[in-house]
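In this text, residue positions in the sequence shown follow the numbering used here: the first is 6, and each later residue adds one.
Reviewing the structure listed below.
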Amino acid sequence: MTAHYLPRHYCDVMTPFDAPNAELAWMFLQSLSEGGDLDEGFALLTEDFSYWSLFTRESCDKEALRRATDRRKQSVELTIDLLRCINEGDTVVVEAYATGTSTDGEQYDTPFVCIFETREGCIASMREYSDTRSYPKLLGG
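This is the structure in structure tokens:
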């Protein structure tokens, strides 16, 4: 896996392995990164999973997210570095940093935050907040 952990920046920061829901969220993000197993990652999602992104400001289901991820992986593979993880009940917040180089040599790097809602051992929703200026780089446009 190319997902990495950066040095802790906060005293009481959880790692994704301190709580089952946090581990679930981190496993899904790892599946989206370089070398990750998308089939394994998408198996962690509920049937009614929804994804929302600051880029589009629209929600989509897991099939649409899978198609978008497959398209993105054709132009850039990402390395995801964990900055911190906060877990409270069924809600997990992951702060991370994504880097990669597109097939045309464009550098992509941005901090991002994902808010996950879990239900019965699966991920029910994910909301992603990131630098909207980096979106064209991510898709090679």
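All C-beta atoms in this analysis are idealised placements derived from N, C-alpha and C, irrespective of residue type, glycine included.
The structure presented is a predicted model; accordingly, all values stated were derived computationally and were not measured.
Nearest by alpha-carbon distance to residue i: which of the options is it?
{"i": "Ala24", "options": "Asp136, Thr104, Glu133 and Val99", "result": "Val99"}
{"i": "Ala103", "options": "Glu28, Glu39, Leu29 and Asn26", "result": "Glu39"}
{"i": "Asp53", "options": "Lys78, Cys65, Glu93 and Gln112", "result": "Cys65"}
{"i": "Trp31", "options": "Arg72, Ile91 and Phe60", "result": "Ile91"}
{"i": "Leu88", "options": "Trp57, Glu45, Asp75 and Val118", "result": "Val118"}
{"i": "Asp42", "options": "Thr115, Ala69 and Asp75", "result": "Asp75"}
If you check the beta carbons only, do residue i and residue j fall under 7 Å apart?
{"i": "Leu34", "j": "Ile85", "result": "yes"}
{"i": "Ser36", "j": "Ser130", "result": "no"}
{"i": "Phe47", "j": "Arg77", "result": "no"}
Just the C-alpha distance for residue i and residue j, rounded to the nearest angstrom, thanks.
{"i": "Arg62", "j": "Ile120", "result": "15 Å"}
{"i": "Gly105", "j": "Glu125", "result": "33 Å"}
{"i": "Asn26", "j": "Trp57", "result": "19 Å"}
{"i": "Val81", "j": "Glu93", "result": "32 Å"}
{"i": "Glu111", "j": "Leu29", "result": "31 Å"}
{"i": "Asp109", "j": "Gln79", "result": "11 Å"}
With residue i and residue j assumed to form a contact (beta carbons below 8 Å), what rounded beta-carbon distance in angstroms separates them?
{"i": "Ser107", "j": "Leu59", "result": "The pair is not a contact, with the Cβ atoms about 20 Å apart (cut-off 8 Å)."}
{"i": "Asp95", "j": "Thr123", "result": "5 Å"}
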